[in-house]
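Report on the following structure.
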Amino acid sequence: MDFELRQHLTRLWGEKKQLIDDLRALKAEKGRKRYDETVSVAQDHVIADTSKLKILDMTGKTMKGFSGRLAVETVEKEGKVVAVMLRSGYDEMVVVLRVPKSLNINAGELARELGLKLNGSGGGHPKAAAVRLPISKKMDVVKLLLQKVG
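According to the numbering used here, the sequence shown is numbered sequentially starting from 1391.
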């Protein structure tokens, strides 16, 4: 917990004997602000955008746990397959996949196939999946997704 938040909580408790509801509101506000910043940054990191597919390369950015939400909201807004590429450790990346209900594409099968072809591992559900791969395979992922999805 940061110093500013501690000060605020101490002041709330001293003045109004309030903590829980205000703490929740503060955390929600901070989380929403961080998410809005993430969405804004993501718009500058689109590396492929077709009628059926959008790929976001967030490997150089900190996502703070928002990758799935970003993918879901992009799918809902644009109605296309979304792949969010994230760095995971020194030499690995994770690709989060989400597929709209309107498209007959199985995200779990797509993730498994990417993993098998690119020395990684993947899987998931028909509309939500992920694959873990060597970071060196980033452009191969883009090529395969463009081939498979369009």
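For every residue, glycine included, the Cβ atom is placed at its ideal position computed from N, Cα and C.
V1486 sits in a strand when the DSSP states are folded into three classes. Comparing alpha-carbon positions, the option among V1472, G1455, E1419 lying closest to I1445 turns out to be V1472. Taking the CA atoms as reference points, V1474 sits about 7 Å from M1448. In this structure, V1486 lies near G1458, with their beta-carbon atoms less than 8 Å apart. About 25 Å separates the Cβ atoms of S1511 and K1470, ruling out a contact at the 8 Å cut-off.
Cβ neighbours of G1498 within its own chain (closer than 7 Å, five residues either side excluded): G1513, G1514, H1515, P1516, A1519. Residue pairing by DSSP places I1445 opposite A1438, A1473 in a beta bridge.
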